[in-house]
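K.L.:
By this note's numbering, the letter at position 272 of the sequence shown is numbered 712, and the numbering carries on one by one without gaps. We put the beta carbon where it would ideally sit given N, CA and C, even for glycine. Remember, predicted model here, so these are calculated numbers, not experimental data. My structure is below; once you've seen it, I'll send some questions.
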Amino acid sequence: MEDYGFEYSDEDPEEEDVDIENQYYNAKGMLEGDDPREAIDGFKQVVEMEQEKGEWGFKSLKQLVKLHYKLGQYAKMMESYRLMLSYAEGSTITKNASEKKINSLLDFMGGASDMQVLQEFYEATLKALEKAKNERLWFKTQLKLANLWFKKQEYGRMAKIIRELHKSCQKEDGSEDPKKGTQLLDIYALEIQMATEQRNNKKLKKLYQQALTVKSAIPHPRIMGIIRECGGKMHMHDELWSEAATDFFEAFKAYDEAGVGRRVQCLKYLVLANMLMESRVDPFDAQEAKPYKQDPEIVSMTNLVAAFQRNDINDFEKILRTNKRTIMDDPFIRNYVEDLLRKIRTQVLLKIIQPYTRVRIPFIAQKLNIPAPDVEQLLVSLILDGRVAGNIDQVNQILEVGSRQEGARKYTALDKWAAQIGSLHSAVQNKLVMNTA
441 MEDYGFEYSD
451 EDPEEEDVDI
461 ENQYYNAKGM
471 LEGDDPREAI
481 DGFKQVVEME
491 QEKGEWGFKS
501 LKQLVKLHYK
511 LGQYAKMMES
521 YRLMLSYAEG
531 STITKNASEK
541 KINSLLDFMG
551 GASDMQVLQE
561 FYEATLKALE
571 KAKNERLWFK
581 TQLKLANLWF
591 KKQEYGRMAK
601 IIRELHKSCQ
611 KEDGSEDPKK
621 GTQLLDIYAL
631 EIQMATEQRN
641 NKKLKKLYQQ
651 ALTVKSAIPH
661 PRIMGIIREC
671 GGKMHMHDEL
681 WSEAATDFFE
691 AFKAYDEAGV
701 GRRVQCLKYL
711 VLANMLMESR
721 VDPFDAQEAK
731 PYKQDPEIVS
741 MTNLVAAFQR
751 NDINDFEKIL
761 RTNKRTIMDD
771 PFIRNYVEDL
781 LRKIRTQVLL
791 KIIQPYTRVR
801 IPFIAQKLNI
811 PAPDVEQLLV
821 SLILDGRVAG
831 NIDQVNQILE
841 VGSRQEGARK
851 YTALDKWAAQ
861 IGSLHSAVQN
871 KLVMNTA
């Protein structure tokens, strides 16, 4: 019989595809078993069975990435991930299919705590996406890498990515592309967080206003939550309590819609701002906030409000002491505790002195649970602000409630005198430094 040089295979391509598909689902079934290594071997076999890079090998590599991660085998995870990314560069896997799988892995890796592993993962993704020219996935990965630098407080690297992201949202003439409003808000949210952490209030105000003027966008509610929360903190810094309360409530609603845990934190900040503005409105009267009134994280703050509104300074201080984790462990709330204490002490002090013409300062100190010098300092500021009419007899430690004008004039003069001494001290110090130099 004449040999025409044809090669015959035991299986036709369709049967081979069926075998590979069956092997994939067999390996997937092993995921429910006790030993994940069996599933790893099964998925590896799928990759080996494919003569050319194809759909089942791509899916198997995705499963291998997840399995190696769960086992803490990060080197093998990255090896599988780089191989998977090489499939995406070819023509056998559609752009939509590759984007969906890579996107899924980016979300999966979002819960990783090892920053070094995350950095390697994102950088490998970006390198592959440059070749694939997938702008949407490139943007998302850059955002995730920028967030990673933010967590590591590497603001220089973060700023570099932000510049690249802004460039991708510009038209050819360098102006912002109005069609990319959603992406712009994502970038502003990053910049606003960085400015907040760096306490750059001037830049924060500019970014906050820019973010609120973006109209052509359908942002994720989490992004609006970030922008509004940082806006609230900015207003708190400027002691604009009412504006801060509005922003914190908007942040709470946005986080609540997104199902983000920071909604509870923003409710706490809203309660804090309400107390500082001495509002009698209960923030939990709002329909969105009512379900959280009995939340363990919130109860201590609502108790604090109740004590504040009763002017019960003993209960107020007791709540602060006994709820360290939910109140005092938050650095932002802790920054304003002194302001709260000053507010409630002022309210109690004004109530104490109301029926008297002469009040002993040690008596007020006893009621306020603070030393007499602190009472005296508080009284001086209240006299200067015109909230207390009278003057202090420092020798006999008595507040004489009477002529507002006389007391205010005395302490304004003292205040001016102290300022002049301060200026003179600075001038002498500068002259000494110049002479030394």
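Going by DSSP, what residue range makes up the beta strand (DSSP E) through ARG798?
P.N.:
798 to 800
K.L.:
Given this structure, state the Cα-to-Cα distance separating ALA812 from ASN836, to the nearest angstrom.
P.N.:
12 angstroms
K.L.:
What number of angstroms, rounded off, separates the C-alpha of LEU585 from the C-alpha of ALA568?
P.N.:
15 angstroms
K.L.:
Grab the span of the beta strand (DSSP E) containing GLY830 for me, first residue to last.
P.N.:
830 to 833
K.L.:
Of all the alpha helix (DSSP H) runs that stay within the bounds of the stretch 727 to 807, which reach a length of 4 or more residues?
P.N.:
736 to 750, 753 to 762, 771 to 775, 777 to 793
K.L.:
Note the first and the last residue of the continuous alpha helix (DSSP H) segment covering ILE601.
P.N.:
It spans 595 to 608 - the alpha helix (DSSP H) in which ILE601 sits, taken as one unbroken run.
K.L.:
Is any beta-carbon of chain C found at less than 8 angstroms from that of VAL487?
P.N.:
The structure shown has no chain C; it contains just one protein chain.
K.L.:
How long is the line joining the alpha carbons of GLN503 and ASP617, rounded to whole angstroms?
P.N.:
38 angstroms
K.L.:
Keeping to the same chain, check which residues put their C-beta closer than 6 angstroms to that of TRP681; ignore five residues upstream and five downstream.
P.N.:
ALA713, LEU716, MET717
K.L.:
Pick from LYS506, LEU790, ALA467, TRP589: whose alpha carbon is nearest that of GLN556?
P.N.:
Checked all of LYS506, LEU790, ALA467, TRP589; the closest Cα to GLN556 is TRP589.
K.L.:
For the putative contact between SER656 and GLY621, defined by C-beta atoms under 8 angstroms, what is the C-beta separation to the nearest angstrom?
P.N.:
4 angstroms
K.L.:
Keeping to the same chain, check which residues put their C-beta closer than 8 angstroms to that of PRO795; ignore five residues upstream and five downstream.
P.N.:
none
K.L.:
Quick one: grab the DSSP three-state call for ILE838.
P.N.:
strand
K.L.:
Below 8 angstroms between beta carbons: does that hold for GLN623 and PHE579?
P.N.:
yes
K.L.:
Are the CB atoms of ILE793 and LEU839 nearer to each other than 8 angstroms?
P.N.:
yes
K.L.:
Over what stretch of residues does the alpha helix (DSSP H) that includes ALA698 continue unbroken?
P.N.:
For ALA698, the enclosing alpha helix (DSSP H) starts and ends at 681 to 698.
K.L.:
For my contact list, GLU539 and ASN574 are in at a C-beta cut-off of 8 angstroms; report their separation, rounded to the angstrom.
P.N.:
6 angstroms
K.L.:
Would you list the residues sitting across from GLU616 in a DSSP beta bridge?
P.N.:
GLN610
K.L.:
According to the neighbour-count rule (16 or more other Cβ atoms, all chains shown, within 10 Å of its Cβ), is ARG750 buried or exposed?
P.N.:
exposed
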